[in-house]
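Quick note: to get my numbering, add 42 to the position in the sequence shown (first position is 1). Backbone N, C-alpha and C define an ideal beta-carbon position, used for all residues, glycine too. Step one of this worksheet: look at the structure below.
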Amino acid sequence: MVARLFGILISCCVWALPVAGASTTDADGSEATHHIYAVYWRGCEESCQGFKDYLAEHLPSVRLTIKNAQRQPQRLPQLLAEAKNLKPDLILSWGTSVTLAFAGRMGERDNKNYNREIPQIFTIVADPVGAGIVESLEYSGRKNLTGTLNRVPEKVNINAMRAYLPTLKRLGLIYNQDEPNSVLKKEELAILAPGMGLELVALPLAQDVEGKPIASDIAPKVAMLKSQGVEFLYLGSSSFLDTHRDTLADAAIANQMPLFSPYERLVRESGALLSVAARYYEVGRLAGELAEEIIIEKRTPGDIPIARVQNFAYVVNMGTAKKLQLYPSVEMLQFVETVNH
Numbered sequence: 043m044v045a046r047l048f049g050i051l052i053s054c055c056v057w058a059l060p061v062a063g064a065s066t067t068d069a070d071g072s073e074a075t076h077h078i079y080a081v082y083w084r085g086c087e088e089s090c091q092g093f094k095d096y097l098a099e100h101l102p103s104v105r106l107t108i109k110n111a112q113r114q115p116q117r118l119p120q121l122l123a124e125a126k127n128l129k130p131d132l133i134l135s136w137g138t139s140v141t142l143a144f145a146g147r148m149g150e151r152d153n154k155n156y157n158r159e160i161p162q163i164f165t166i167v168a169d170p171v172g173a174g175i176v177e178s179l180e181y182s183g184r185k186n187l188t189g190t191l192n193r194v195p196e197k198v199n200i201n202a203m204r205a206y207l208p209t210l211k212r213l214g215l216i217y218n219q220d221e222p223n224s225v226l227k228k229e230e231l232a233i234l235a236p237g238m239g240l241e242l243v244a245l246p247l248a249q250d251v252e253g254k255p256i257a258s259d260i261a262p263k264v265a266m267l268k269s270q271g272v273e274f275l276y277l278g279s280s281s282f283l284d285t286h287r288d289t290l291a292d293a294a295i296a297n298q299m300p301l302f303s304p305y306e307r308l309v310r311e312s313g314a315l316l317s318v319a320a321r322y323y324e325v326g327r328l329a330g331e332l333a334e335e336i337i338i339e340k341r342t343p344g345d346i347p348i349a350r351v352q353n354f355a356y357v358v359n360m361g362t363a364k365k366l367q368l369y370p371s372v373e374m375l376q377f378v379e380t381v382n383h
């Protein structure tokens, strides 16, 4: 398994990489051959660090501008306008919300209000096809767009939960109606679960008057799922629940319910029981590979299939397993990584 690396939280900055042969000039007087404009939803995390490291190793003359949307959708039109004005060689968009704000959906690809000309890579988008961003994983359907796929197939996730708890029949999900990814994941699981012999119990988080999810509703929803006979709780896809991961994990343990997370840090840091995940650092490096193909090899983004992470990490929190009195089998211990949090 690859080593974990950490991200650096920033609001926005220009990352001036070492220079080797230049044609454009950076703001600080140094020179750069190409310019990448990257927009992150919640600051420069692990995938951002992986992207930066790949550029430093393989594209040392590239100037990287990093912007943080700070989880504020209203900032995205301004950032798109800035990107269009700067005319970088490449745009990188992190997450479904940022990517939709920059590229729009397939039906909006000819809308001049979106980015139609500048080459663009998306990353950390859970379901780019379901979100309407691309036509398929083999062909984006847009000349200027390609991206990465980091999510583990849901069948793999369900089979991992089944391997841990062979008697699993009822799967619980809390989702955020304010996040496209979260709703898409609920809809995908609702279709998939019956065919795998599972009943999905999905509950939406309560919203405030502005339509935003309410964090204090997480614990009550977990208790409600427990009362409905849910045997395994699945985080699904939600930046909001990831942000409130301690609340979610604590509520799961309090209700004696195992929590499965697609985000590894919930197992390592917040008490979730099990995770099967692509490590974000490696996803960032994969995005760096695409950037190299586009900038150096001059490939048209639309001709590049969506790049998929091939290796996933299986992690079990043995501290949580002890609290739940629910331990992995001897067979699972042969291949999972264990932590004690």
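- Following the DSSP letters along the chain, one finds Leu301 inside the beta strand (DSSP E) bounded by residues 301–303.
- Within its own chain, the residues whose Cβ lies closer than 6 Å to the Cβ of Glu177, once the five positions on either side in sequence are excluded, are Gly183, listed in chain order.
- In the DSSP assignment, Trp83 forms no beta bridge with any residue.
- Linking Arg105 to Val325 through their CA atoms gives a straight-line distance of about 20 Å.
- Under DSSP, Gln249 forms a beta bridge with Pro255.
- For the 8 Å CB-CB criterion, Val264 and Ala294 form a contact.
- Between the stretch 276–295 and the stretch 198–216, the count of C-beta pairs closer than 8 Å reaches three or more; the two stretches touch.
- Residue pairing from DSSP leaves Gly361 without any beta-bridge partner.
- A direct Cα-to-Cα measurement between Gly137 and Thr190 gives close to 10 Å.
- Beyond the five residues adjoining it in sequence on each side, Tyr322 comes within less than 6 Å, by CB distance, of Glu88, Ser89 in the same chain, given in chain order.
- The C-alpha of Ala98 lies about 17 Å from the C-alpha of Glu339.
- Distances from the CA of Thr165 to each of Leu142, Asn192, Glu180 were compared; the closest alpha carbon is that of Asn192.
- Gln116 has no beta-bridge partner at all, per DSSP.
- Nearest neighbour of Ala333 by Cα position, chosen from Tyr82, Ile175, Leu132, turns out to be Leu132.
- Asn218 and Asn153 have their C-alpha atoms spaced approximately 28 Å apart.
- The three-state secondary structure of Gln91, taken from DSSP, is helix.
- In chain order, Glu230, Leu231, Leu234 place their CB closer than 7 Å to the CB of Glu196, counting only its own chain and leaving out the 5 sequence neighbours on each side.
- Inter-residue distance for Thr188 and Gly146 is about 13 Å (C-alpha atoms, whole angstroms).
- Relative to the Cα of Lys94, the nearest Cα in the group Ala244, Leu301, Glu331 belongs to Glu331.
- In this structure, the straight-line span from the alpha carbon of Arg327 to that of Lys228 is close to 29 Å.
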